[in-house]
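Protein chains in written order, with numbering that gives the first Met the number 0: chain L, 0 to 241; chain H, 0 to 241. Just so it is clear, CB atoms sit at the ideal spot from N, CA and C, and this is done for glycine as well. Remember, it's a predicted structure, so these values are computed and weren't measured experimentally.
Protein chains: 2
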Amino acid sequence: MKSNGVEVVAFDADNTLWHNEPLFTDTKERFTELLRPYHSTEWIEERLYETETENLKHYGYGIKSFTLSMIETAIELTEGRIGGAEIGRLIAEAKQMLEAPVKLLDGAEDTIRTLSEEYRLALITKGDLFDQESKLARSRLGDLFAAVEIVTDKTSKAYRDITRRLEVTPERFVMVGDSLRSDIIPVAKIGGRAIHVPYSVTWRHEAVSEDGLGEYEFARVETIAQVPSAVKNFAETQGKES
Amino acid sequence: MKSNGVEVVAFDADNTLWHNEPLFTDTKERFTELLRPYHSTEWIEERLYETETENLKHYGYGIKSFTLSMIETAIELTEGRIGGAEIGRLIAEAKQMLEAPVKLLDGAEDTIRTLSEEYRLALITKGDLFDQESKLARSRLGDLFAAVEIVTDKTSKAYRDITRRLEVTPERFVMVGDSLRSDIIPVAKIGGRAIHVPYSVTWRHEAVSEDGLGEYEFARVETIAQVPSAVKNFAETQGKES
């Protein structure tokens, strides 16, 4: 039975296993406060987002990239009038973000433990290698994953490469995550299974319109605690089909 | 014969396959020029190195980390008097470093092509995932490597994990690189083979005293063009022993 069904269950980490977006939201709030003497909140947020997006091709994802984008935006928006001391505060913010405690989502640990008894588990995250490894170590969940894959971007090609490395066919691979753009659509595109667990906040860059999602097959649950039964459901369906 | 000898030949990338250190050396020179109105060159270099070393635990290796350390050092050494415009120049430097053409060392491409006909090749680098992948893509050597491993630090544990993933025993694994600290000693410690190809400049952080090196077994050649014959030499020796 099991051999006909799911073999590998893979998890996204940021905003799927542990809270991440609030860290950025809080820092952005303090960033706009710093620049409020110069511009409106909306304009500051807009410019920061543009700089971040533009810099993805230079820096990739992660806190260090975000920090360099904050510094660049601050210089631009003040036409260079921002002082060294204020920029020093942005660097201090970055270090605090990098050291912030890893707060697991309710039910994440139980879900991982339960599923690890029956399936090979993988962790698939994008972003900064150093930061993601450090968070995984602090989460104390590392030993439960048979494989940890940190990639620069979660494209269909990246998922295809990973399933090959894990020696699993896409039909026996399930991806669990909060981002339609990074965790669900690229996996559905290669014929993998996916379970969407929305997070309370989505970074604008990851947001995807729900229109046109109908063409992709995936499951959706409200909390990570519901993932084991959703996986079981996949497995049983597959078992019956084959 | 071959089955008794070397199976995997792994290469470091920065300063082994392509020039990297000169990029940092040039940027550091411009950095000290920027701060020369405030301090002596020696003091600036010393403080930058201290900040970089201290920040490794926050940031890991790479250009983004180095840039954040330059900015922090500039703020410290000017007691916050450095202006936004000057810091903007440091960010522009970072982007230039990230986009700099990848210049292969003489003989690197031939060596890789020759060895790829007989052995499985791996690329093992540390540092920033995004930057290293981008350099590998620009080097156009990517297709010749059976595996690419980007790690946060090149410890004996990291090499042991890699040999496991590659399903090769350490005795059949050869590592080629310019850094005694990162490429040679940790590999020799787990019973792997190693070939040291010194680069003209070594970052202080990677430098290791030659005293006490006697306890580690490894080969040394002058240029990367001599690596294929050094590998062949290993293979033959092993073939005779077993």
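For this session: Could you run through the region 179 to 201 of chain L and flag, in chain order, every residue whose CB is less than 8 Å away from some CB of chain H?
Result: none
Problem set entry | Beta-bridge pairing of R29/L - partner residues as DSSP gives them | To locate residue 29/L, count along the first sequence from 1; it is residue 30. Answer is none; R29/L lacks a bridge partner.
For this session: Indicate whether at least one CB of chain H lies closer than 8 Å to the CB of A84/L.
Result: Translated into the one-based positions of the first sequence, residue 84/L becomes position 85. By this cut-off, A84/L is an interface position.
Problem set entry | Host alpha helix (DSSP H) of V7/L (start-end) | For the purposes of this step, residue 7/L is taken as the residue at position 8 of the first sequence. Per DSSP, V7/L belongs to no alpha helix (DSSP H); it is in the beta strand (DSSP E), 7 to 10.
Exercise. So, using beta-carbon positions, are L128/H and I149/L closer together than 8 Å?
Worked result: Walking along the second sequence from the start, residue 128/H turns up at place 129. Walking along the first sequence from the start, residue 149/L turns up at place 150. Yes; because the gap between Cβ atoms is below 8 Å, this pair is in contact.
For this session: Given a cut-off of 8 Å, decide if Y158/H and I184/H are closer than it, judged by their beta-carbon atoms.
Result: Reading the second sequence from its first residue, position 185 is the one you call residue 184/H. Reading the second sequence from its first residue, position 159 is the one you call residue 158/H. Not a contact, by the Cβ cut-off of 8 Å.
For this session: Could you confirm whether any beta carbon from chain L is found closer than 8 Å to the beta carbon of E205/H?
Result: Position 206 of the second sequence, counting from 1, holds the residue named residue 205/H. Taking Cβ atoms only, chain L never reaches closer than 8 Å to E205/H, which makes this a no.
Exercise. Under 9 Å Cβ-Cβ, which residues of chain H neighbour I81/L?
Worked result: Residue mapping note: residue 81/L aligns to position 82 of the first sequence, counting from 1. G82, G83, I86, listed in chain order.
Exercise. Count the other CB atoms within 10 Å of the CB of A136/H; is the residue buried (16 or more) or exposed (fewer)?
Worked result: Mapped onto the second sequence, residue 136/H falls at position 137. Exposed is the call here.
Problem set entry | 9 Å Cβ cut-off: residues of chain L touching T151/H | Here residue 151/H corresponds to residue number 152 of the second sequence, with the count starting at 1. Chain L residues near T151/H: L128, F129, E132, S133.
Problem set entry | Range covered by the beta strand (DSSP E) that runs through T124/L | Start at 1 with the first residue of the first sequence, and residue 124/L comes out as number 125. Per DSSP, T124/L belongs to the beta strand (DSSP E) from 119 to 125.
Problem set entry | Own chain residues within Cβ distance below 7 Å of R29/H, not counting five before or after | Stepping through the second sequence from its first residue, residue 29/H is reached at position 30. Correct list, in chain order: E92.
Exercise. D177/L and V196/L look like a contact to me (Cβ under 8 Å); what is the Cβ gap, rounded to whole Å?
Worked result: On the first sequence, residue 177/L is found 178 positions in, with the first residue counted as 1. On the first sequence, residue 196/L is found 197 positions in, with the first residue counted as 1. Contact holds; Cβ gap of about 6 Å.
Exercise. So is G141/H in contact with chain L if we call contact Cβ pairs under 8 Å?
Worked result: Residue 141/H sits at position 142 when you count from the first residue of the second sequence. G141/H does not count as touching chain L.
Exercise. So is I90/L in contact with chain H if we call contact Cβ pairs under 8 Å?
Worked result: Here residue 90/L refers to the residue found at position 91 of the first sequence. Taking Cβ atoms only, chain H reaches closer than 8 Å to I90/L, which makes this a yes.
For this session: Quick one: list the residues of chain L neighbouring L67/H, beta-carbon separation under 8 Å, in chain order.
Result: Position 68 of the second sequence holds residue 67/H. Chain L residues near L67/H: K63, T66, L67, I90, A93.
For this session: Report the rounded CA-to-CA distance for G106/H versus V220/H, giving the unit in angstroms.
Result: The sequence position of residue 106/H within the second sequence is 107, counting from 1. The sequence position of residue 220/H within the second sequence is 221, counting from 1. Taking the straight line joining both Cα atoms gives about 13 Å.
Problem set entry | Residues near S68/H in its chain [Cβ-Cβ closer than 8 Å; skip 5 each side] | Stepping through the second sequence from its first residue, residue 68/H is reached at position 69. So the qualifying residues of the chain are L47, T50, E51, N54, Y58.
Exercise. What three-state label does DSSP hand R35/L in the structure shown?
Worked result: Taking the first residue of the first sequence as position 1, residue 35/L is located at position 36. Looking at R35/L - three-state DSSP - the assignment turns out to be coil, as it is neither helix nor strand.
Exercise. Between the region 26 to 40 of chain H and the region 59 to 78 of chain H, do three or more beta carbon pairs fall short of 8 Å?
Worked result: yes
Exercise. Along the chain, where does the alpha helix (DSSP H) that runs through R164/L open and close?
Worked result: As a working mapping, residue 164/L is identified with position 165 in the first sequence. Unbroken alpha helix (DSSP H) run through R164/L: 155 to 164.
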